[in-house]
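Report on the following structure.
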Amino acid sequence: MEFKEKFIEKILLLIAFSSISILALIAFFIFGEGLPLIWKIGPKAFLFGERWVPSQGSFGILPMIVGSFWVTFGALLLGIPLGLACAIFLCEWTPPWAGMILRSAIQVLAGIPSVIYGFWGLVVLVPLVRNYLGGPGLSILSGSLILSIMILPTIISISEDSLKALPPSYKAGALALGATHWETIWRVLVPAARSGIVASIILGMGRALGETMAMIMILGNAVKMPSSFLDSARTLTTNIGIEMGYATGDHRQALFATGVILFLIIMFLNALAIVLSRRRVG
Amino acid sequence: MSLRNKVSIKEFSFYYGSIPALKSINLEIRANEIFAIFGPARSGKTTLLKSLNRLTDLTYGTNHNGTIFLEGKDIYDPKVSLTQLRRRVGIVFDLPIPLPMSIYENVAYGPSLGGTTQKKRLDETVEKALRSGVLWEEVKDRLHTSALRLSGGQQQRLCIARILALEPEVLLLDEPCSGLDPISTASIEETLTRLKKEYTIVLVPHNIQQASRVADRAGFFLNGELIEEGTAYQIFTGPKEKQTEDYVTGRFG
Amino acid sequence: MRINRRRYLTQKVAKILIWMAALSTMGVMALIVLQVLSEGIPVLSPRFFLESPRSMGREGGIFSTIIGTIALTVVAIVVATPLGVGTAIFLGEYTREGRISRVIRFGIGCLAGVPSIIFGLFGFVFFVIYLNMGWSILSGGLALAAMILPTIICTAEEALKAIPYSFREVSYSLGGTKWETVTRAILPNAMPGIFTGIILGVCRSIEETAVVILTAGSSLIIPTSLFSPVRTMSVHFYILAREGISMEMAYGTGAALILLVLFVNIVANWRLNRYIRKRA
Chain A
1 MEFKEKFIEK
11 ILLLIAFSSI
21 SILALIAFFI
31 FGEGLPLIWK
41 IGPKAFLFGE
51 RWVPSQGSFG
61 ILPMIVGSFW
71 VTFGALLLGI
81 PLGLACAIFL
91 CEWTPPWAGM
101 ILRSAIQVLA
111 GIPSVIYGFW
121 GLVVLVPLVR
131 NYLGGPGLSI
141 LSGSLILSIM
151 ILPTIISISE
161 DSLKALPPSY
171 KAGALALGAT
181 HWETIWRVLV
191 PAARSGIVAS
201 IILGMGRALG
211 ETMAMIMILG
221 NAVKMPSSFL
231 DSARTLTTNI
241 GIEMGYATGD
251 HRQALFATGV
261 ILFLIIMFLN
271 ALAIVLSRRR
281 VG
Chain B
1001 MSLRNKVSIK
1011 EFSFYYGSIP
1021 ALKSINLEIR
1031 ANEIFAIFGP
1041 ARSGKTTLLK
1051 SLNRLTDLTY
1061 GTNHNGTIFL
1071 EGKDIYDPKV
1081 SLTQLRRRVG
1091 IVFDLPIPLP
1101 MSIYENVAYG
1111 PSLGGTTQKK
1121 RLDETVEKAL
1131 RSGVLWEEVK
1141 DRLHTSALRL
1151 SGGQQQRLCI
1161 ARILALEPEV
1171 LLLDEPCSGL
1181 DPISTASIEE
1191 TLTRLKKEYT
1201 IVLVPHNIQQ
1211 ASRVADRAGF
1221 FLNGELIEEG
1231 TAYQIFTGPK
1241 EKQTEDYVTG
1251 RFG
Chain C
2001 MRINRRRYLT
2011 QKVAKILIWM
2021 AALSTMGVMA
2031 LIVLQVLSEG
2041 IPVLSPRFFL
2051 ESPRSMGREG
2061 GIFSTIIGTI
2071 ALTVVAIVVA
2081 TPLGVGTAIF
2091 LGEYTREGRI
2101 SRVIRFGIGC
2111 LAGVPSIIFG
2121 LFGFVFFVIY
2131 LNMGWSILSG
2141 GLALAAMILP
2151 TIICTAEEAL
2161 KAIPYSFREV
2171 SYSLGGTKWE
2181 TVTRAILPNA
2191 MPGIFTGIIL
2201 GVCRSIEETA
2211 VVILTAGSSL
2221 IIPTSLFSPV
2231 RTMSVHFYIL
2241 AREGISMEMA
2251 YGTGAALILL
2261 VLFVNIVANW
2271 RLNRYIRKRA
């Protein structure tokens, strides 16, 4: 009996460690494939090179880094206010029926496959942008709009959780001091929940940076430095997604190297979000 | 026989971190008696009960001095099997906590862990336990419905029956009637008096009246110390210590 | 008095803006779903589901991609569930908060944020090439399992946390060992929560494209073993739409995908409610 218990405990420990060892395995294999190429052409040339012409052996990913940040920035610009407003709506001002509708709408949004977002963007948004704003339509603007919808569930659910976790006394206290409901929300509740809200934004940012399939369909995938929101662009993820199918040799390694950069950025954001959300209010 | 010591507590102290909960307790509990542990809140009663079957081990950061003997065997001996100990010394908590399963499964939980798998023997054990807990007549037709649908008093008797199904030697009861109405309380007290023939019972009563109704002997606890012990009659009618007298006559507590 | 009026005006404006945000979120959801469903549902027919695609998917149905989706999802769930639930049990019941549990939690948090394309790359070098499994159901399923693992761990851990401490105390007091307590008093009550996590994993596996395209290939042939390459519905949809093979078929497949995800959710909720009712 004692032996069996000890045995089970060891097995569970083993399981837990194999779960996190997946992260180590991922890092090991991605880095193993990607780092040699980064050393070969030099980290500076790789990160800050503006030319990506695999057939000529030039692998500069600056346009993709810039593209990723433009798209993500655009998505956050719309996603943060919309997400925060929805979170406040769910916690504070909702008649129950409206909350339920919004909640199921968000669940459905979270459940829509990213390829369908991409497709919808392609057939609905892209023509709109092309006809009314000019340019190819396949653009950072279209991509940002779609991404801002895709990151909504992340931002809303985590912000909502952190707003809900506040002690009710905060609200009661502010209202008792004569603040209006809105002042209570905006000056007391939102600031008090800010670490959770910031964490939700960072996680949303991670999602936006990591999205691949929808972006391949909408961004136009041109390898050049974008100069306006109406330009087409390529991100770190789409670079991998588009070319992985046929790449070999150095080219394939360069795609893994792109993955290394993406992985590092995402890990940094993740760690930041975890540290932030661990910090308690007060 | 009835004077033999079942449980001997020797110089037993217990700490949560650095906060003492019990201070050098010496106490003998005899076989087949109902021993009442009473005193104000936070005087260490529950800690003492949970120490008797080492449920206190579940809380992290505790430690103890001295020891406790069950029939002359040290229960803090590293070789002691905790599961065996807890089967021999059963506990009923202050609030009825039926597990969210059927009445039958609740009572069969302990025996089936012990390896009783034969359906027939399990049926017999469950029936016997429910009869001893005076619940059989009320539930025999709905053994397989959820235990959560029983009333509070029935749930607490189920918890007693659940312990009895293990046929323990010592029965620990921590204010078993605290949430119950007078009729359920009376029925549980009656059950206890009957059970004393087969079990040694340590009871934390939920008031002094209850202690004086059912206990053979009693001990008064205050701030983790055992102030006085003696027969229930002596303690409740002529306590020797001033603090006991103050508490018994209702001057504090 | 004037100041007060301004404060209430601000409040009114804020309220209107927040309602607008909520309404536009619902509106966008409705737009996307209705657009795909209204164009796609007319394409759906029994033949669409039961025939395999012909001439790259221009004709025929989506049968082989349904098989591919199911096969990959099953492999992913079968692998990820024991690992995930085991990890959650270890974290919730077998360790105190300390360095080990903090390291594991941190690792899982990081794993949860890894983008799917990275799981795809990893699956490609590790399963497809290094372990020499090729583009196959097994490679794809294992890569998907890695991807959904954090989801399953987190939901299972939440479910375990929600079980009252008193259940554990009761089980130990009845002579239960730790493992008996976990399997008999805790897990059955945490089942609904764990099940929710598994369903989330199923949905993510069905939706995923980037991982699958890099690890399971995109063959339209009905698979015969775990080592056969397959194409899932998501990948099929992506290829149809991106390569402009057939808009009609793309809409049909998209509608089928959305309906499948909704269906899984609804069935899961229904089963869950029945389970909870039975135990109460």
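Taken in sequence, the protein lines are chains A, B and C.
Under our numbering, the residue at position 170 of the first sequence is numbered 170, and the numbers go up by one with no gaps.
Under our numbering, the residue at position 206 of the second sequence is numbered 1206, and the numbers go up by one with no gaps.
Under our numbering, the residue at position 177 of the third sequence is numbered 2177, and the numbers go up by one with no gaps.
For each residue, glycine too, the CB sits at the ideal point set by N, CA and C.
Every value quoted in this text rests on a predicted model; they were computed, and no experiment measured them.
Per-residue burial, residue i [other beta carbons within 10 Å of its own, 16 or more giving buried]
i: I2222/C; result: exposed
i: S1002/B; result: For S1002/B, the predicted model reports a pLDDT of 44, less than 50, meaning its position is unreliable; a value from the coordinates is still stated below. Exposed, since its Cβ has fewer than 16 Cβ neighbours within 10 Å.
i: H2236/C; result: buried
i: Y1952/C; result: Nothing about residue 1952/C can be read from this structure; chain C reaches only from 2001 to 2280.
i: Q1156/B; result: buried
i: N270/A; result: buried
i: M100/A; result: exposed
i: R280/A; result: At R280/A, the pLDDT of 49 sits below 50, so the modelled position is not reliable and the matter cannot be decided from this model.
i: G282/A; result: Note on G282/A: pLDDT 34, under 50, position unreliable in the model; no value is reported.
i: L1086/B; result: Strictly speaking, residue 1086/B in this sequence is Arg, with Leu absent from that position. With 16 or more Cβ atoms within 10 Å of its Cβ, R1086/B is classed as buried.
i: L1192/B; result: buried
i: G2109/C; result: buried
CB contact flag (residue i, residue j, <9 Å)
i: I1009/B; j: F1221/B; result: no
i: V2211/C; j: I2137/C; result: no
i: F263/A; j: I30/A; result: yes
i: G74/A; j: S144/A; result: yes
i: L1113/B; j: T1083/B; result: yes
i: G204/A; j: T154/A; result: yes
i: K1006/B; j: R1030/B; result: yes
i: S139/A; j: G220/A; result: yes
i: I2186/C; j: R2168/C; result: yes
i: G173/A; j: V188/A; result: yes
i: M2191/C; j: A2159/C; result: yes
i: G1044/B; j: L1022/B; result: yes
i: I274/A; j: F2106/C; result: yes
Selection from the options that minimises the alpha carbon distance to residue i
i: M244/A; options: P191/A, F256/A, A233/A, R130/A; result: F256/A
i: T1046/B; options: L1166/B, Q1209/B, E1175/B, V1107/B; result: E1175/B
i: L1969/C; options: M2233/C, T2215/C, V2235/C, H2236/C; result: Given a span of 2001 to 2280 for chain C in the structure shown, any question on residue 1969/C remains unanswerable.
i: V66/A; options: I266/A, E50/A, I80/A; result: E50/A
i: F3/A; options: K2178/C, F2237/C, I2186/C; result: K2178/C
i: P54/A; options: E33/A, I149/A, G249/A; result: G249/A
i: A1147/B; options: I1097/B, S1132/B, K1196/B; result: I1097/B
i: R1258/B; options: E1028/B, G1153/B, E1241/B, T1185/B; result: An answer regarding residue 1258/B cannot be provided, because it is not within the stretch 1001 to 1253 covered by chain B.
i: G2060/C; options: I2276/C, I2213/C, V2043/C; result: V2043/C
i: A2030/C; options: I2258/C, F2063/C, L2174/C, F2263/C; result: I2258/C
Within-9 Å CB hit, residue i to chain B
i: A2185/C; result: yes
i: R2168/C; result: yes
i: T2095/C; result: no
i: P2188/C; result: yes
i: P2164/C; result: yes
i: G2176/C; result: yes
C-beta neighbour in chain C for residue i, strict 9 Å
i: R1194/B; result: no
i: G49/A; result: no
i: W93/A; result: yes
i: E183/A; result: yes
i: V281/A; result: Caution is warranted here: a pLDDT of 41 is assigned to V281/A, below 50, making its placement in the model unreliable, and the coordinate value is therefore given only provisionally. No, because no Cβ of chain C sits closer than 9 Å to the Cβ of V281/A.
i: L1173/B; result: no
Residue-chain proximity (residue i, chain A), Cβ-Cβ < 9 Å
i: E2248/C; result: no
i: F2048/C; result: no
i: S2219/C; result: no
i: G2084/C; result: yes
Whole-angstrom distance between residue j and residue i, CA atom to CA atom
i: L109/A; j: A2021/C; result: 15 Å
i: N1106/B; j: T180/A; result: 52 Å
i: V2230/C; j: W2135/C; result: 8 Å
i: K164/A; j: I2245/C; result: 48 Å
i: T1231/B; j: S1212/B; result: 10 Å
i: I1235/B; j: G2193/C; result: 52 Å
i: L2037/C; j: S2234/C; result: 15 Å
i: L102/A; j: S1151/B; result: 39 Å
i: G121/A; j: L141/A; result: 11 Å
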